[in-house]
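The sequence shown begins at 2 in my numbering and counts up one residue at a time.
Beta carbons are placed, not taken as given, at the ideal position from N, Cα and C, and that holds for glycine.
Worksheet: one structure, shown below.
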Amino acid sequence: MPEGASSEDESGAQPQSAALVKPRHHLLYIDQRRLSRDYVSRQLAMHLPEFSVESAASAGELALPDGRSYAAAVAHTHTSRVEEAVTATLISWLAQLLPGVPLILLSDADAAREVVAAFHLGVRGYVPTSLPMRDAAEAIRFVCEGGTFIPPSALVQSAALPKVNEGATGGTDLPPETFTSRQWDVLRRLWQGKPNKVIARELEMSEGTVKVHIRHMMKKLRARNRTEVVMLTHPNTQQGSHRVT
2 MPEGASSEDE SGAQPQSAAL VKPRHHLLYI DQRRLSRDYV SRQLAMHLPE FSVESAASAG
62 ELALPDGRSY AAAVAHTHTS RVEEAVTATL ISWLAQLLPG VPLILLSDAD AAREVVAAFH
122 LGVRGYVPTS LPMRDAAEAI RFVCEGGTFI PPSALVQSAA LPKVNEGATG GTDLPPETFT
182 SRQWDVLRRL WQGKPNKVIA RELEMSEGTV KVHIRHMMKK LRARNRTEVV MLTHPNTQQG
242 SHRVT
């Protein structure tokens with residue numbers, strides 16, 4: 002936390018006052034460090050006034066009210082790596098306690114391998130603490146609205162991604178016949194980070210059809226989730242290997 006931090010973010014922008022907007026959703030923030038927990042939860046409440054931010058020191062401390070639903074759970078792991086037991090266990094506990102609730106990691110690390118490892122465990126958003134608070138809050142909001150947030154730095158760094166070759170397929174070296182034309186349409190919008198409902202509206206198809214296209218692409222690439230589909234095909238990435246069958 003910056004020394005002498007105030008209610009104004011690092012960019013100097015004044016977020017909309019939480020007092021002017023009645024919270025409509027609940028957001029859970031978990032951080033074992035009391036100082037950063039108090040600061041970040043207060044900042045999130047200011048930048049995301051439509052959310053009621055609740056904080057806890059650990060998953061074991063949670064006392065979930067009956068009927069309470071959360072738009073997302075944000076876990077601040079600080080310097081702990083994803084493969085470390087403390088972080089992997091936290092992700093597992095949250096998945097069991099809050100089934101279906103998107104999980105977002107707030108981390109000091111932004112290496113591509115950390116991001117990939119997190120998404121393998123089911124994380125829907127990975128927000129590095131190097132981002133300004135305003136951008137971090139927007140990333141969290143995006144995940145709450147159904148999107149998947151991957152830090153741009155991870156896409157640029159990753160060494161396990163296809164080589165860029167400009168062409169009809171939109172920038173990857175995948176052959177055009179890998180996907181149908183509609184699947185390519187969906188994929189290009191996944192690269193832009195758009196959630197399924199937005200893709201469905203833009204392509205004039207149902208959200209269920211979008212999900213079917215994504216499942217077919219996952220199967221073709223042997224990807225575990227939509228994030229791996231993006232990271233295996235994104236045009237702004239370095240050379241790597243394919244898993245296309």
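- The Cβ-Cβ distance between P129 and P152 falls below 7 Å.
- Distance from the CA atom of H27 to the CA atom of R69, rounded to whole angstroms, is 8 Å.
- Bounds of any alpha helix (DSSP H) do not take in G61, whose DSSP letter is neither H nor E.
- Going by beta carbons, Y40 and S56 fall outside the 7 Å limit.
- Per DSSP, the unbroken beta strand (DSSP E) holding Y127 starts and ends at G126 to P129.
- Counting along the chain, L36 sits inside the alpha helix (DSSP H) bounded by residues R35 to H48.
- In the DSSP secondary-structure assignment, F52 is bridged to H26.
- In the DSSP annotation of this structure, the continuous segment of the beta strand (DSSP E) that includes L104 starts and ends at L104 to S108.
- I151 sits in coil when the DSSP states are folded into three classes, being neither helix nor strand.
- The C-alpha of L49 lies about 9 Å from the C-alpha of I141.
- Contact between A118 and E84 holds, with the beta-carbon distance rounding to 6 Å and staying under 8 Å.
- By alpha-carbon distance to G148, the top candidate from N197, L36 and L107 is N197.
- Taking all protein chains in view, the Cβ of Q97 is surrounded by fewer than 16 other Cβ atoms within 10 Å, so the residue is classified as exposed.
- Contact between L122 and I92 holds, with the beta-carbon distance rounding to 5 Å and staying under 8 Å.
- In the DSSP assignment, A201 falls within the unbroken alpha helix (DSSP H) covering N197 to L204.
- Contact between T234 and L188 holds: their C-beta atoms lie close to 6 Å from each other, under 8 Å.
- For A138, the three-state secondary structure derived from DSSP is helix.
- Secondary structure note for H217: its alpha helix (DSSP H) is the uninterrupted segment E208 to L222.
- Collapsing the DSSP output to three states places T179 in a helix.
- Between T181 and K221, the beta carbon gap of about 10 Å keeps them out of contact (Cβ cut-off 8 Å).
- A straight-line Cα-Cα distance of about 43 Å links R43 and R183.
- For H121, the enclosing alpha helix (DSSP H) has its first and last residue at A113 to H121.
- Around the beta carbon of L36, a 10 Å sphere encloses fewer than 16 other beta carbons of the protein chains shown; the residue is thus reported as exposed.
- If you check the CB distance, V124 and A73 do not come in under 7 Å.
- Between the alpha carbons of L95 and D109 lies a distance of about 20 Å.
- Between the beta-carbon of L106 and that of T78 there is about 6 Å, and that keeps the pair under the 8 Å contact cut.
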